Every structure is written in structure tokens, then in C-alpha cells.
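For reference, the structure is listed below as C-alpha cells.
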Amino acid sequence: MNFRDIKALLPISIPFILIYLSYKLFLKIQETQLVSYEAIRYSSYAVLLIGLVVSYFSNRNRVFFTLITLLLSQYLLVDKKLYLSVVYPAVCIFIPLNIIIFSFLTERGVLTPGGKNRIALIFVEIIFTATIFGTNNQPLINLINKKVFSLRILSQTPVPQIAILLLLAAILLLIIRQSKNISSYESSFAGVIVASFIALNFKENNLALVIFFSISSVILIFAIIQDLYRKAYLDELTGIPTRRALMEELMKIGGKYTIAMLDIDFFKKFNDTYGHDVGDNALKFVAAMMKNVTGGGKIYRYGGEEFTIIFPGKGVDDAVSHLEKLRGKISSRGFVLRGQDRPKKKPQKAKPNSSSAKRLFLTVSIGVSEKTEKNKTAADVIKSADNALYRAKENGRNCISK
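Sequential numbering from 478 applies to the sequence shown in our numbering.
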């Protein structure tokens, strides 16, 4: 596993690292009384409030309404201790159920028609719980707590089996969505479900309930921060850092370095011929190839069809050898243009002479420059690399110029 793989796994791992640390903290506090319970309880509500404010102003309604669900759950289970035979199983069911529902909904704001529908859902759940409580509907309570499976492991938890099934279904759906990169929040929602399940296993332990509901809030706040970072610093189309990230990197860089400016040849003509959708695929293809650049190069999308690569600690001659490998791979690899007759599902047996696919080949021109006495600042190096890029185009394209 290389550094890029670890970096990609880190955002997915954060929720579960936080849960593990919270469990260790819970054991420590329970053993030593290091912090008073009241301080932790008030801190928990403070974290929930911060999460609500951040999610509201960042327009993340899925997180906002998940936090509302957690806030109500903690209030009813910890502060009110309302008729636990009804409220406890209801909370066990509604947390995974709401996360399933909210995770599939699009971000439509809080005080919007879509947001009001989510508020209505939570009110319906409250009314449903209150109705069972008020009428003491024992048959329904028994149904909710019914043991469907006689597995010994399930008898170790007070969480109703119907809630466990919902929890497992929610985690499975979130894993599927995470694998398809549908949203950046799936692993965080899965972490919230796991943390909530741990909390609910300590049915009568207020400290555990407060700590694990708190960490659920922290997980969701981290998810918002990660999402805002991605939107600010990562290009939505290609998934590589943006020009803003490049400018900030150039402010920090020092010592010896080389900068390369890379441009896709005849991209406007390519777009006009095949359309903007295929053009977008071409940009994604080039970005994907650039991610494998050797020599420790850091890649950025400069704008349009132009990209930038920084080689920290390397001179221009050293960088050129790595850029030549990249240029050769891009020009020889090509990517497949799917025909309009492409089937919606991948066939079990591919047709050898199918007309539905056509391989397109792209080339790139690269200009490269290093920090010198003449080019002292990063802006000077970029300008020099840009001039070299124009020379590469004048020399027939699909080449590197210094």
C-alpha cells in the first residue's frame, strides 16, 4: 500500500478512529472519574449545537436533520428518561431509519419545501412514539421488541432485533454508496450508526450515551469540513487539486524545485468534434494518468485543459525524464469512446468486433522550468514554464520544451 492509498483511506477511516478513541475515553472516565458527568453532558449539547449551526449555514440538510435526530434521542433517553420501554426501541429504530432516508436525499436546504418534509418526518416519528406511550399499546411494543432470531450474540444486546436489521441494512447501503463514490458522507453516516449502536448498548449508562452521541456529532462536523475542503481545493470533474491549492502550495515551497505546465493538444477541436461530455472524459483520463506521474510530482488542474506539475527538490533535467514517461503513456494509452448503442448493462460476453466502442488518442505538450537566479519566484518559474509550453506547441506539439 503506497502513500496515495493511505491518503485515500484516511477520510473513510476517521469516523472509526474517533469511535475507538471515544471508547477508550469512556473506559478511562468511568474508571477514574477524570471529568464530571455534568461537564460531559453540557459539552455534548454544545457539540450538537455547533454541528447544527455549521450544517445549517453550510446548507448540509442531511447532516442537520441527522443531528436533530441525535439531539432528540439524547434528550429523551438521558435527560427525560421517558417511558424507556417505548422511547428506547423507538430511538433504536429511528436513528438508522432516518440516516437511510436522509442519506438518499439531495441537499435542498433546511428551511425549504424539501427541508420542511424532513421536519414533518421527524414530527411524525415523535407523534408515533407519543401515541404508543399515551395508549400503552402493548401488542405494538411487543412486536417492536420481538425476537426474530434466536442467535446467542443477539441476546447480549438490549437493542431490538428489528433495529439491528435496520442498522445492518443501513450500513450495507452506505458501503455500496461509498464504493460508488455517490457522496463523501457515506462513511461518516456509517460511523454515526456504529457509534449510536454502541451508545444504545449501554441503555442505562448515561455517560456512554452522552459520549457516543457526542462523537457522532463530531464525526458529522468532520464530514462537513472534509466536504468543504474538497469543494474548495479539489476539482469536481477530475478530482485533483485546483489552482487555489496550487497557489497556496507555491506560497510554501522553497529550495530547489521544477514546475511543468501541461496542455492537451487540439482540445477545442476535440470538444467540437466529439462534444463536451467526451471532452470531460478526456480531461478525466489525462488527470488519471497524471496521478501516476513518477518523481514525486504534485499535480494540479490550472484551468481548462491546462495542468501543472510541481517537482519539489528536483532540477529540470531530472523532472524531464519523468515527464517524458508521462507524455509517452498519455499518447499511447488512449481511452474508449462509447457508442450510442452501448448496452445499459455490461454483457457477460464481449463482442470482439463491436462498433459501440472507439479508441481515441490524445497527446499533450509540456513546458518545464526550474527555479534559478533569473526565475527566483514561483510566479517567474510558472511564466517561464508557460513560455516553454508555447515553444512546445510551435515545435509540433506532443513534446517537451525547456
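Glycine included, C-beta positions come from ideal geometry on N, C-alpha and C. Computed from a predicted structure; not experimentally measured.
C-alpha distance - residue i paired with residue j, whole-angstrom precision
i           : j           : result
residue 763 : residue 802 : 13 Å
residue 624 : residue 649 : 22 Å
residue 495 : residue 781 : 39 Å
residue 810 : residue 656 : 26 Å
residue 516 : residue 684 : 11 Å
residue 531 : residue 698 : 7 Å
residue 863 : residue 734 : 16 Å
residue 880 : residue 504 : For residue 880 there is no data in the structure shown, the boundaries of the chain being 478 and 879.
residue 523 : residue 529 : 10 Å
residue 508 : residue 534 : 39 Å
residue 769 : residue 761 : 13 Å
residue 653 : residue 706 : 24 Å
residue 704 : residue 710 : 10 Å
residue 747 : residue 740 : 13 Å
residue 642 : residue 678 : 15 Å
residue 501 : residue 749 : 59 Å
Neighbour-count burial assignment, residue i, 16 or more Cβ in a 10 Å radius
i           : result
residue 672 : buried
residue 724 : exposed
residue 721 : exposed
residue 587 : buried
residue 715 : buried
residue 798 : exposed
residue 767 : buried
residue 538 : buried
residue 583 : exposed
residue 589 : exposed
residue 796 : buried
Same chain, Cβ closer than 6 Å to residue i, neighbours up to 5 away in sequence not counted
i           : result
residue 667 : 648, 651
residue 754 : none
residue 662 : 700
residue 708 : none
residue 712 : 719, 778
residue 575 : 546
residue 774 : 786, 788
residue 579 : 539, 542, 543
Nearest-angstrom Cβ-Cβ length linking residue i and residue j, presumed shorter than 8 Å
i           : j           : result
residue 844 : residue 759 : At roughly 20 Å, the Cβ-Cβ gap does not stay under 8 Å, so residue 844 and residue 759 are not in contact.
residue 788 : residue 777 : About 12 Å separates the two Cβ atoms, so there is no contact after all.
residue 771 : residue 807 : Rounded, the Cβ-Cβ distance is 14 Å, inconsistent with contact.
residue 846 : residue 875 : Actually they are not in contact, since the Cβ atoms of residue 846 and residue 875 sit about 19 Å apart, beyond 8 Å.
residue 694 : residue 554 : Not quite, the Cβ-Cβ distance comes to about 15 Å (not below 8 Å), so this is no contact.
residue 644 : residue 573 : 5 Å
residue 859 : residue 800 : Not a contact, Cβ separation roughly 16 Å.
residue 639 : residue 570 : 7 Å
residue 563 : residue 606 : 6 Å
For residue i, three-class secondary structure by DSSP
i           : result
residue 820 : Here the model assigns residue 820 a pLDDT of 49, short of 50, so the residue's position is not dependable, and the following value carries that caveat. In this structure, residue 820 counts as coil in the three-state DSSP scheme.
residue 839 : coil
residue 861 : helix
residue 726 : helix
residue 713 : coil
residue 522 : helix
residue 785 : strand
residue 813 : strand
residue 778 : strand
residue 513 : coil
residue 427 : Residue 427 lies beyond the residue range present for the chain, which begins at 478 and ends at 879; the question has no answer from this structure.
residue 875 : coil
residue 845 : strand
residue 734 : strand
residue 739 : strand
Close Cβ partners of residue i (< 7 Å) along its chain, the five nearest in sequence each way excluded
i           : result
residue 581 : none
residue 674 : 636, 644
residue 525 : 544, 547, 548, 694
residue 728 : none
residue 904 : Since the first and last residues shown for the chain are 478 and 879, residue 904 lies out of range.
8 Å Cβ shell around residue i - same chain, five flanking residues per side excluded
i           : result
residue 506 : 512, 517, 684, 688
residue 520 : 691
residue 742 : 839, 840, 841, 842, 870, 874, 875
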